[in-house]
Amino acid sequence: MPTRALLLWLLYCLNPLTALGAPQLYSRGVEALPALALAPADLQWRLEKRHLDLGVIARDNPPFDMLGTGHAYEGISAEYARLLAETLGLEARLQVFDTYSAAFAALRGGTVDLVSAVTAHHAQDANLHLSSPYILDQPLLLASERGVSGAGESLRLLAVEGDRPLAVLQQAYPNAQIQLHPSALSALAALQLGEAELFLGSESGSRYWLGRGQLSGIEAVDQPALPPRALGFALRDKHGPLPRLVDAVLQGLTEQQHARIREYWRPQPATPGKPGRVDLTEAQQRWLADNRVVKVLLGEQQLPLSYHDEHGQLRGLSLDLLQRISRLTGLHFDVQAGSDVSRMIEQVRLGQADLIAGLSYSPAHARQLRFSRSYLSSPLVLVTRNEATAPSSLAQLDRRRLALVRGSAQAQRLANSYPGIRQRLVPGPLAALQALDQGQVRGAVLAQDQARSLMARYFPGRLRITASLPLPPVHFAFAGSPADEALLGILEKALLALPPAEMEAMVRRWRNPMIVGDGFWRRYGGRMLAVFALACSLLLLALLWVRYLRRMQVQLRRAKRDADAANQAKTQFLAAMSHEIRTPLHALLGMLELARRKAGQGELDHLAIEVAADAAMGLQELIGDVLDITRIETGQLQLAPVPVSLREQVARVVQLFEQQARGKGLALNVVCKGAVNSWVMLDPVRFKQVLANLVSNAIKFTEQGEVLVSLSMQAAAGRASVLLEVADTGIGIAQSELASLGQPFRQASNQRQSPRSSTGLGLGISRSLCEMLGGQLRLHSILGQGTRIEIRLDLMLAAAPVPAAPLLPQGNPARLAGLRVLVVDDYPANRLLLAHQLEFLGHQVQVAEDGDQALRLWLQHPFDVVISDCNMPRLGGFALARAMREHERRRGQPRCRVVGLTASALQEERRRAKAAGMDHCLFKPLDLNTLEQTLLACQATVNRAGQGPPIVDLAHLHKLVCGDQAVVVALMADLAKSNREDLAQLGASLAQPPVLAELAHRVKGAARIVPGHALIALCERLETLCGQHPPNPLQVRRAALALKEAMLRLDCWLASYLAQHANLHGAPPPGGVAHIMPNSSSTSRMTSTTPTMPDGP
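Here it is in structure tokens:
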């Protein structure tokens, strides 16, 4: 998403539906219309537009808008949105909003182009333009079979919030008590429970829910004399090409096409329908070929989704749906009964199961699992005991216990709306009803379908549904591990392929609670066993004991098998993930061990340290490349070409593998031909990644002989034709398998001859990276003789860069000296490292362990640069930068340079640092060269900001003492002492103008000796203000604070000067690195080291 759109989205959408993300537009209706004949201006607009951004509301409103668990957006509005996008030749992109207000704000801000399912009064209230309507929805009045009150009596009327203006409803039904619900489903459920006499809703939506057989005892009684609702698309205004083109497409639809869309989403009789085609991607087809059996967990008492019948067999809606999906896709499901929901989720996360069927969607579950589209939606109801004193609403449960299923989405909503209710979380719906039946709670919130079925089976006549709750409905779906994208994608396509009529018939079949009644054995089995136990207790106990032992043995074998399989899968996964990092790690550890042992013998091995450093940097880069496959497939991997020497890059990579080759007795040779000394534009990280993978494979699959790396280059007309070959004398690959290599997890059949296996990922990554680098990779191999891989690249020639100067040249060791740096980091090792790096570069350093401490130090002492970790407890780096900028803005002070330091190598962190007011953002680990370059930029800025009269005119002072440096140093020491005394008196006399005038006069006298012209001017201004009758307290205070700040700068400069000339002055240098050690008192223990400071400020 572009940056501007992201900022507007964050601005206008105060409460975005993050759980849903961006659903896909799914259409089942009419065929696409022929493309519109567009004028040249419209063609240019479409070419620039490219996308059609559609805003949809998260609330399900069947049959117009349906999101479910948020994976697919479908319904009547989705059909017309698809027709619009395809007819205009634009790609439809969806954004989900909680409310119409948020969607309209995004529309006005330009984040979206249009909003679906908007009525005329919604558009008018929001001052938006409404397109031609795509459906006229007639009003319908429904009543329960319990009867309707007389015309003269007060009626309770249910309606859906936002469908029609409340004033219109009150005018049409002046004697009615109007109750608003968030959805038609919850309103119809309330009507069924007798909470009201009438429901005024839309004809299409009401007939949709009634046709699904979910609500019995409700009938349509009248079609009121109210105007129909015209639903259309809301646009910002009526100007521009988009409103005109939208109206042209909608008005171009024939009545037959409108009727076909409406008919498709109207409930149909339960007739056998032909399912849609399940089109699987190549990856899904491969997964299906390798994983025919899927282990599915089902709740034992999750009626009507799954339950045990009288024969002990699992039955229910989820079982029927799994059988239908099996016939569509060829998947075979190993269905097993699970325990409670949390245990089933843990099994999926540990890889002991693949799917959970019939799991209710909630944000808590979505953070651990990935959901399919829902196949059952049910309103939430309040269940109580069947007694006269039972509560009839949530408001009556204040300070009472209410049972909720653990992990459900309702817990937080109810906690916000009814804080007085004491919630009790239980494992499942049956446990909630058991707690209610036993009097442990006063009510339970459950899905209506589950509550009806469980009450009919286990608690007949003891519990009842009291009220339908004005909450969003519960969606039940399949859930699996986020890593099983292929499996969940297959399920999603299979569910979308089932016609709505077939799904409705399947749901209607399992909504009758009579089908789940107990069997004979469940009712009387306990009594029969008791009778048999009295007659033959010893024999029965023996048989049960033997059976128990056998069952334990079977379960033990099964558990062992599952544990072995899980361990093997874990091992394979770890081996696969370490494929790309084992080689540089081996080189790093080996070289460090070698350097350490030589150091113990008094020998410094520079080569080993350099090779280890190269390996460590390569390891750092490769850790970030674990996601390369995904980034390549999504097109998000970007190259960073810089001038490089291919000969140097090849030599560095080969050097990493020399020890490994020698260990196997192989010869690792490099041959360079042609213009190999030329510099070219190339991404060195990706190039070395490709070459390292090829050399590693060559050594891995070669037992004797040699590995030859050949580089040849021909330069002409500003371009370089490069041929890089890696050849080995290893085991080779059969010709029949060459074509399939390079695909993920595909390996040669004889790879087991090598002592080490591979994941099959490296070659595929290398081939993709070569294509991105503008070349191609070809594989040639003969079984038993060896393999040769050639890479051809066409690169642009580049000029050789000017060699970088050393970090600290010996001839000018204080090139970067003089900056006062405050280091802030909560990790002691990082603080110590950064302090020593800065000290090595010649800076004066002070450290703080958190943002609060750093802010206090910054307010008390002037600093040139602040280097802060971005993420710290209490006050983080971003908050610290914002506080500093706010203080500078209020006081009118110049900007202090702020450098952020973070371990999160994401561009988003750099944007956050910029927004917080930081000047730079560096990523850990931080090398000296990067730190030096950053501080050079900061020093240039500080020098520019500090141009003006110097604090002390050293040239004039040297003339006064005839060049005697010792006299100058002694004078500076006396001045530093008196300046600190005056600072202390100044801080204690801010409210005493006579004392301030005398102090300013004394400081001015000392400043005339130095001389310090800026300090003299501040003293004279303070004297003048204090001499007025009467003095202005505010002006006096400001002048005194300005003088204090100048004296602090003078104190810091004097400390730096005396630290540099410590050999001429007896006092210990006050500069250096100050380490603040927190303790229980207000004092701090200081340790310091002395840096080299410049001769001037």
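Residue numbers for the sequence shown follow full-length UniProt numbering, beginning at 1 and rising by one.
Glycine is no exception: its CB is placed at the ideal position from the N, C-alpha and C atoms.
The model shown is predicted, which means the values in this text are computed figures rather than measured ones.
With three or more beta-carbon pairs closer than 8 Å as the criterion, would you say the segment 397–404 touches the segment 346–358?
Short answer: they don't touch.
Let's see if you can read the secondary structure: which residues bound the beta strand (DSSP E) around ARG820?
Counting from one through the sequence shown, the residue named residue 820 turns up at place 820. Its beta strand (DSSP E) spans residues 820–824.
Go through its chain and collect everything with a Cβ distance to ALA78's Cβ below 7 Å, but skip five positions before and after it.
Start at 1 with the first residue of the sequence shown, and residue 78 comes out as number 78. The answer, listed in chain order, is LEU25, TYR26 and SER27.
Can you tell me whether SER393 is buried or exposed? The criterion is at least 16 other CB atoms within 10 Å of its CB, across all chains shown.
Against the sequence shown, residue 393 aligns to sequence position 393. Around the beta-carbon of SER393, fewer than 16 other beta-carbon atoms lie within 10 Å, marking it exposed.
Let me see if you follow: with CB-CB separation under 8 Å, is ALA881 close to chain D or not?
Looking at the structure shown, chain D is missing, and only one protein chain is on hand.
Assign VAL671 to one of two classes, buried (16 or more other C-beta atoms within 10 Å of its C-beta) or exposed (fewer than that).
For the purposes of this step, residue 671 is taken as the residue at position 671 of the sequence shown. Its Cβ having fewer than 16 others within 10 Å, VAL671 is exposed.
Inter-residue spacing [alpha-carbon to alpha-carbon] between VAL441 and VAL405
Here residue 441 is taken as the residue at index 441 of the sequence shown, counted from 1. Here residue 405 is taken as the residue at index 405 of the sequence shown, counted from 1. Answer to the nearest angstrom: the Cα atoms are 13 Å apart.
Whose C-beta lies closer than 8 Å to the C-beta of GLY718 among residues of the same chain, with five residues either side of it excluded?
Residue 718 sits at position 718 when you count from the first residue of the sequence shown. So the list reads MET796 and LEU797, once near-sequence residues are dropped.
Residues that TRP679 bridges to, as DSSP identifies them:
If you number the sequence shown from 1, residue 679 lands on position 679. Beta bridge pairing from DSSP links TRP679 with SER645 and ALA798.
Neighbour-count burial assignment, ARG417, 16 or more Cβ in a 10 Å radius:
Along the sequence shown, one-based indexing puts residue 417 at 417. In the sequence under discussion, the amino acid at residue 417 is Ser, which differs from the Arg named in the question. By the beta-carbon neighbour count (other beta carbons within 10 angstroms, threshold 16), SER417 is exposed.
Once DSSP output is grouped into helix, strand and coil, what is the label at ILE867?
The sequence position of residue 867 within the sequence shown is 867, counting from 1. Assignment of ILE867 by DSSP, reduced to helix, strand and coil, places it in the strand class.
Would you check if the distance between the CB atom of HIS129 and the CB atom of LYS49 is smaller than 8 Å?
Taking the sequence shown and counting its residues from 1, one reaches residue 129 at position 129. Taking the sequence shown and counting its residues from 1, one reaches residue 49 at position 49. Against a cut-off of 8 Å, the Cβ pair of LYS49 and HIS129 comes out as no contact.
At what residues does the beta strand (DSSP E) containing PHE199 begin and finish?
For the purposes of this step, residue 199 is taken as residue 199 along the sequence shown, with counting starting at 1. Counting along the chain, the beta strand (DSSP E) containing PHE199 begins and ends at 198–202.
Since ALA835 and VAL823 should fall inside the 8 Å C-beta cutoff, what is the C-beta to C-beta distance between them, to a whole number of angstroms?
Within the sequence shown, the letter at position 835 stands for residue 835. Within the sequence shown, the letter at position 823 stands for residue 823. Right, the Cβ-Cβ distance comes to about 6 Å (below 8 Å), so this counts as a contact.
Does the segment 859–872 come close enough to the segment 891–910 that 3 or more CB-CB pairs lie under 8 Å?
Contact check between the segment 891–910 and the segment 859–872: three or more CB pairs, one atom from each, fall below 8 Å, which counts as touching.
I'd like the ranges of any alpha helix (DSSP H) spanning at least 4 consecutive residues and lying wholly in the UniProt domain "Response regulatory" (820–939).
If one requires a minimum length of 4 residues, the alpha helix (DSSP H) runs lying completely within the UniProt domain "Response regulatory" (820–939) are 828–840, 851–860, 877–891 and 907–916, in chain order.
Within its chain, find whatever has a CB closer than 6 Å to the CB of GLY784; leave out the 5 residues flanking it on each side and keep chain order.
What you label residue 784 is simply residue 784 of the sequence shown in a count that begins at 1. Once the five neighbours on either side are set aside, the close Cβ partners of GLY784 are GLY732.
Would the segment 93–101 count as touching the segment 136–145 if we require 3 or more Cβ pairs under 8 Å?
Touching, no.
Suppose you measure from the CA of VAL653 to the CA of GLN844; what does that come to, to the nearest Å?
By 1-based counting over the sequence shown, the position of residue 653 is 653. By 1-based counting over the sequence shown, the position of residue 844 is 844. If I take the Cα positions, the gap works out to 39 Å.
For THR111 and ALA105, what's the separation of their Cα atoms in angstroms?
Locating residue 111 in the sequence shown gives position 111, counting from the first residue. Locating residue 105 in the sequence shown gives position 105, counting from the first residue. If I take the Cα positions, the gap works out to 9 Å.
What do you get for GLU981, buried or exposed, if any count of 16 or more other CB atoms within 10 angstroms of its CB means buried?
To locate residue 981, count along the sequence shown from 1; it is residue 981. When all chains shown are included, GLU981 counts as exposed.
What residue range does the beta strand (DSSP E) around HIS365 cover?
Reading the sequence shown from its first residue, position 365 is the one you call residue 365. Careful: HIS365 lies outside any beta strand (DSSP E), inside the alpha helix (DSSP H) at 363–366.
Please report the distance separating the alpha-carbon of LYS295 from that of GLN450.
Position 295 of the sequence shown, counted from the first residue, corresponds to residue 295. Position 450 of the sequence shown, counted from the first residue, corresponds to residue 450. Rounded to the nearest whole angstrom, the C-alpha separation of LYS295 and GLN450 is 24 Å.
Close-in-space but distant-in-sequence residues of the same chain around ARG910 (CB under 6 Å, 5 per side omitted)
Residue mapping note: residue 910 aligns to position 910 of the sequence shown, counting from 1. Annotation for ARG910: CYS921 place their beta carbon closer than 6 Å to its own, counting only its chain and skipping 5 residues before and after.
With DSSP run on the structure shown, which of helix, strand or coil describes GLU998?
Taking the sequence shown and counting its residues from 1, the one referred to as residue 998 is at position 998. If DSSP states are grouped into helix, strand and coil, GLU998 belongs with the helices.
Determine the closest residue to ALA486 out of VAL335, ARG508 and ASP290, with distance taken between C-alpha atoms.
Start at 1 with the first residue of the sequence shown, and residue 486 comes out as number 486. Of VAL335, ARG508 and ASP290, the smallest CA-CA separation from ALA486 is found for ASP290.
Complete alpha helix (DSSP H) runs within the segment 469–557 (minimum length 4 residues, chain order)
485–497, 500–509 and 520–535, all fully within the segment 469–557.
How should ASN677 be labelled, buried or exposed, when 16 other C-beta atoms within 10 angstroms of its C-beta is the threshold for buried?
Taking the sequence shown and counting its residues from 1, the one referred to as residue 677 is at position 677. It counts as exposed.
From the DSSP output, which residues share a beta bridge with THR787?
Here the question's residue 787 lines up with position 787 in the sequence shown. Looking at the DSSP assignment, THR787 forms a beta bridge with ASP728 and SER781.
In chain order, what are the residue ranges of uninterrupted alpha helix (DSSP H) at least 4 long that sit wholly in the segment 402–440?
At a cut-off of 4 residues, the continuous stretches assigned as alpha helix (DSSP H) that sit fully inside the segment 402–440 are 410–417 and 429–437.
Shortest alpha-carbon distance to SER318 belongs to which of SER306, GLU610, GLU310 and GLU648?
Translated into the one-based positions of the sequence shown, residue 318 becomes position 318. Looking at the Cα atoms, SER306 is the closest of the given residues.
Status (buried if at least 16 other CB within 10 Å, exposed otherwise) for CYS870
To locate residue 870, count along the sequence shown from 1; it is residue 870. Looking at its Cβ environment, which holds 16 or more other Cβ atoms inside 10 Å, CYS870 is buried.
In this structure, how does DSSP classify HIS1013 when only helix, strand and coil are distinguished?
Taking the first residue of the sequence shown as 1, we reach residue 1013 at position 1013. Three-state DSSP puts HIS1013 in a helix.
Proximity to SER202 [Cα-Cα], best of PRO227, ARG890 and THR1024
Residue numbering aside, residue 202 sits at position 202 when the sequence shown is read from its first letter. Answer by Cα proximity: PRO227.
Same chain, Cβ closer than 7 Å to ALA879, five either side skipped, listed in chain order:
Here residue 879 refers to the residue found at position 879 when the sequence shown is read from its first residue. GLY851.
C-beta atoms of CYS938 and LEU819 nearer than 8 Å
Here residue 938 refers to the residue found at position 938 of the sequence shown. Here residue 819 refers to the residue found at position 819 of the sequence shown. Going by C-beta atoms, CYS938 is nearer than 8 Å to LEU819.
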